[in-house]
Amino acid sequence: MDIEIRFLEEVTVVEIAGSVDSLTAETLIGAMLGELDRDRARLVADFSRVEYISSAGLRALLATLKDARRRGGDLRLASVSPPVLRVLEISGFTSILNLFTDVDAAVVSFAVN
Amino acid sequence: MGIESSRKRVALVIGSGSVKCAAAIGIQNVLSREGIGFDMVVGCSAGAIYASLMAVGHTGDTAAQMTARLWTKEVTSKRNTWAMLRAMAPKMLGFRPDTFGLRDDTLIMGRLRQTFGDARIEDLKIPLHITATDFSNGELVALSRGSLVDAIRASIALPFAFSPWRVDGRLLIDGFLSDPLPLSVAMKNGADVIVAIGFESPYQETVGSAGRFAFQLSSIMSNNLLKSRFAFHSMAHHSEVIAILPEFKERVKLFDVGKLDYIIREGELAAEQQLPYLRQLLAEGRTGALSA
Amino acid sequence: MREQVAADRVAARPSVAVVIGSGGLKCVAALGSIRVLRKAGVPIDMAVGCSGGSLCAAWLASGHEDADRQASRFVDSLQGMFESFDYRAVPRALLPGVFGFGPEFALLDDRKVNAAIIDAVGTTEFSATRIPLRIVATDFMTGDKVVLQHGRLSDAIRASIAIPLVLRPWMVDGRLLTDGGASDPLPVDVAMREGADVIIAMGFEEWPQAEIGNLMQLVLQVKTITVNQLLRSQLAFYSVSHHAEVIPIIPDLDRRIRLGDVGEIAYLIRQGELAAEREIPYLERLLQLGAASVSTAGPSAAPASTAPASTAP
Chain A
105 MDIEIRFLEE VTVVEIAGSV DSLTAETLIG AMLGELDRDR ARLVADFSRV EYISSAGLRA
165 LLATLKDARR RGGDLRLASV SPPVLRVLEI SGFTSILNLF TDVDAAVVSF AVN
Chain B
10 MGIESSRKRV ALVIGSGSVK CAAAIGIQNV LSREGIGFDM VVGCSAGAIY ASLMAVGHTG
70 DTAAQMTARL WTKEVTSKRN TWAMLRAMAP KMLGFRPDTF GLRDDTLIMG RLRQTFGDAR
130 IEDLKIPLHI TATDFSNGEL VALSRGSLVD AIRASIALPF AFSPWRVDGR LLIDGFLSDP
190 LPLSVAMKNG ADVIVAIGFE SPYQETVGSA GRFAFQLSSI MSNNLLKSRF AFHSMAHHSE
250 VIAILPEFKE RVKLFDVGKL DYIIREGELA AEQQLPYLRQ LLAEGRTGAL SA
Chain C
224 MREQVAADRV AARPSVAVVI GSGGLKCVAA LGSIRVLRKA GVPIDMAVGC SGGSLCAAWL
284 ASGHEDADRQ ASRFVDSLQG MFESFDYRAV PRALLPGVFG FGPEFALLDD RKVNAAIIDA
344 VGTTEFSATR IPLRIVATDF MTGDKVVLQH GRLSDAIRAS IAIPLVLRPW MVDGRLLTDG
404 GASDPLPVDV AMREGADVII AMGFEEWPQA EIGNLMQLVL QVKTITVNQL LRSQLAFYSV
464 SHHAEVIPII PDLDRRIRLG DVGEIAYLIR QGELAAEREI PYLERLLQLG AASVSTAGPS
524 AAPASTAPAS TAP
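Okay, here's the thing in structure tokens:
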């Protein structure tokens with residue numbers, strides 16, 4: 105799994121590629137929490153190149169979501185592929201966080217608030 | 010990074026429970042005495058009625074009076090004979106699922122219109138979200154805009170009892186089928202502290218007919234859904250979920266409007282128990298340290 | 224758990240459970256999924272079954288060598304069980320005051336079903352299975368989940384598969400039990416409590432009605448909504464509340480499968496295979512399959528248990 109981070113003015117975009125599972129979840133959490141620690145709590149996770157997510161991956165996502173919200177920010181997902189979306193739906197994640205068709209839409213949604 | 014307000018946003022979520030949902034009026038009484046207002050209200054099934062009364066801006070006393078007139082046994086007493094006939098001879102008489110309901114809804118609709126008129130959800134004093142279930146795929150549908158009466162009618166559209174209700178081109182049924190206590194809607198709309206009141210469906214004392222059998226089964230599954238959704242959402246929420254659980258020592262049946270005062274009082278008692286913790290949470294400010 | 228598994232744990236291989244949930248005839252798809260797992264060398268240390276899945280789980284736990292022959296016997300049993308199902312009687316029973324039926328009302332001939340079960344598992348007891356087996360039913364009076372792990376498999380399966388209105392509830396140890404799916408269509412927590420690190424959860428979603436032209440179809444639509452919601456809500460909770468790696472295998476079906484649709488069995492098995500194949504790449508990495516040897520994976524990082532449990536309070 106690879107992670108690349110882009111900084112926009114108020115929002116941090118985290119681009120994730122590969123599989124988010126028990127073997128890679130710690131790396132992802134480390135990167136996300138790193139941003140949160142730097143007071144950048146408005147996160148957009150670009151899921152366009154995420155192929156797979158396991159329950160361990162879901163837990164990593166959840167930990168990040170809660171921390172971001174506690175700091176007054178949020179974690180929003182963009183460009184989730186159909187198979188990954190199915191996992192998010194079955195696991196109840198689509199009911200608790202906001203998904204967007206692309207990164208721009210997700211970034212703009214922070215401004216609307 | 011500017012955080013707009015350092016005050017925590019408080020949401021009230023009222024789950025399904027027929028007349029027991031009136032306990033939410035008790036919660037309203039206690040909190041308004043403390044000067045604590047709700048930043049949003051979410052209602053499911055009968056809970057949608059109480060959530061609406063609150064969102065419109067009625068005080069607890071007014072809401073209690075209006076409830077006594079609104080939610081009585083007569084609401085489900087009139088049979089929809091034509092629907093029954095259609096059910097028994099579908100091909101001959103033309104069965105239509107979108108209009109099928111064993112109970113006539115004229116009375117409840119009349120009363121809802123009398124209570125809420127033409128009100129639109131987006132115009133109300135407090136942001137309101139009413140939940141229903143999409144009849145075609147079972148998904149939860151949150152209604153945050155549009156006709157208030159239509160939203161409530163959809164939320165209480167218990168299958169077989171009342172016919173499904175069309176809102177914005179979607180055929181909707183009772184909200185409890187997708188989630189009897191929809192914390193998720195509060196979470197998605199930026200709530201911090203969530204005050205939740207919900208009820209389990211009653212189990213049958215004896216199961217002597219296929220009908221009671223079906224009710225028993227329905228209660229079993231609905232209660233399991235309630236518990237697992239609640240557990241998941243509480244765990245996934247970044248802030249506190251305060252569950253208000255009134256103890257009804259007396260048995261309260263679905264339309265026991267005669268017990269309204271008792272129900273509201275139990276709601277007050279249960280809310281008072283949570284008050285110290287709630288005060289502490291709100292004193293902490295929005296990004297204050299929360300308990301580990 | 225058993226000695227073999229204990230030895231494997233010392234060698235740091237994660238323990239693997241297979242949970243097969245409720246789904247009527249759709250449960251036969253699990254056969255296809257299991258075939259794919261076996262081919263990839265995935266070790267299976269325990270089996271949990273619920274409702275229709277209980278028959279499949281029992282077959283899995285018995286671990287017969289001649290998998291294909293056993294598989295076709297298992298398919299025959301399921302087929303035998305559901306073939307004679309007649310849906311049309313249901314709505315008449317439910318319309319108020321029209322007909323009166325007692326709690327023992329059921330639409331399938333009990334004797335046929337019991338015979339099919341005995342044919343599949345005989346008088347085998349839980350203690351005789353090759354790997355640990357758990358079967359889940361629901362207490363009819365309280366709605367509680369009941370985990371069966373002693374006595375005859377046939378009793379447990381018959382209780383677990385007591386689909387309401389289809390089969391009458393079954394008494395086990397003084398408790399009236401009904402379909403396990405009513406409390407939890409995919410009981411992953413049972414495997415969690417037994418200490419499984421990786422849980423392969425085979426669940427089945429119901430397909431909504433294409434059109435609803437009569438009361439029975441309305442009843443089924445409401446049932447579909449209820450079952451799917453319950454399946455998802457339980458799975459969601461388990462996935463985040465526990466450190467075990469839960470891997471759902473839920474076949475993508477493009478059509479509604481009714482209890483008596485035995486002509487769809489080949490299609491179901493194929494969908495089960497396809498759904499399992501999607502999970503193999505991760506399972507291979509997770510369990511280090513194909514590396515040296517499966518059960519002596521050495522002092523690996525035991526990946527499943529180091530999954531970050533940082534779901535804060």
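Chains as they are written, first to last, in the working numbering: chain A, 105 to 217; chain B, 10 to 301; chain C, 224 to 536.
Note that beta-carbon positions come from the ideal geometry of N, C-alpha and C, so glycine has one too.
No experiment lies behind these values; they were computed from the predicted model shown.
- Residue-level contact check: B/R238 touches chain C, since one or more beta carbons of chain C fall below 8 Å from its beta carbon.
- In the three-state reduction of the DSSP assignment, C/L254 falls in the helix class.
- Inside the segment 193–248 of chain B, DSSP marks whole alpha helix (DSSP H) runs of 4 or more residues at positions 219–245, from first to last along the chain.
- Here B/E148 carries a coil assignment [DSSP, helix/strand/coil].
- The straight-line gap separating the alpha-carbon atoms of A/F214 and A/I200 is approximately 16 Å.
- When Cβ-Cβ separations below 8 Å define contact, A/R174 makes contact with chain B.
- Rounded to the nearest whole angstrom, the CA to CA distance from C/L512 to C/G264 is 7 Å.
- Using a CB distance cut-off of 8 Å, B/K134 does not count as an interface residue toward chain A.
- Not flagged as an interface residue toward chain C: A/I109, since no C-beta distance is shorter than 8 Å.
- Judged by beta-carbon spacing, B/D159 lies within the 8 Å limit of B/W174, meaning their Cβ atoms are closer than that value.
- Of all alpha-carbon atoms in B/K262, B/L180, B/Q283, B/E293, the one lying nearest the alpha-carbon of B/K29 is that of B/K262.
- Listed as beta-bridge partners of B/H138 by DSSP are B/V51.
- For C/M394, the number of other beta carbons within 10 angstroms of its own is below 16, and it is reported as exposed.
- Linking B/L94 to B/D114 through their CA atoms gives a straight-line distance of about 17 Å.
- A Cβ of chain A is located within less than 8 Å of the beta carbon of B/H242.
- Sequence-distant Cβ neighbours of B/F171 in its own chain, meaning closer than 7 Å and more than five residues away, are G110, R112, D114, I165.
- Interface criterion not met: the Cβ of C/I243 is under 8 Å from no Cβ in chain A.
- Only residues of its own chain outside the window of five on either side were considered, and among them Q213 have a CB closer than 8 Å to the CB of B/F224, listed in chain order.
- Chain-order list of chain A residues neighbouring B/H138: empty, with the shortest C-beta distance near 13 Å, by a criterion of under 9 Å.
- A/T198 sits in a helix when the DSSP states are folded into three classes.
- Between the segment 266–279 of chain C and the segment 394–414 of chain C, the count of C-beta pairs closer than 8 Å reaches three or more; the two stretches touch.
- In terms of Cα proximity to C/G397, the closest of C/V336, C/R478, C/F427, C/F363 is C/F363.
- For C/G483 and C/Y490, the gap between their C-alpha atoms comes out near 14 Å.
- Listed along chain A is no residue with a C-beta nearer than 9 Å to that of C/V271; the closest approach is about 17 Å.
- For B/M196, the chain A residues whose Cβ falls inside 7 Å of its Cβ are I200, in order along the chain.
- The beta carbon of A/I109 sits closer than 8 Å to the beta carbons of T116, V117, V118, E119, A135, E139 from its chain, once the five residues preceding and following it are set aside; these are given in chain order.
- Where C/L400 is concerned, the enclosing beta strand (DSSP E) starts and stops at 398–401.
- Only M244, A245, H246, H247, S248 from the segment 244–264 of chain B bring a Cβ to less than 9 Å from some Cβ of chain A.
- In the three-state DSSP reduction, C/R357 falls in the strand class (E or B).
- One alpha carbon belongs to B/G44, the other to B/K134, and they sit about 16 Å apart.
- The C-beta distance from A/I194 to C/I470 rounds to 12 Å, too long to fall under 8 Å, and the pair is not in contact.
- Interface criterion met: the Cβ of B/L234 is under 8 Å from a Cβ in chain C.
- In summary, the residues of the segment 117–147 of chain A whose CB is separated from some CB of chain C by less than 7 Å are S123, D125, S126, L127, A129, E130, I133, in the order they occur in the chain.
- DSSP places C/V442 inside the alpha helix (DSSP H), whose first and last residues are 438–464.
- For the options C/P266, C/Q452, C/V445, C/I380, the alpha carbon positioned closest to that of C/P237 is the one of C/P266.
- Taking the Cα positions, A/E155 is about 23 Å away from C/S464.
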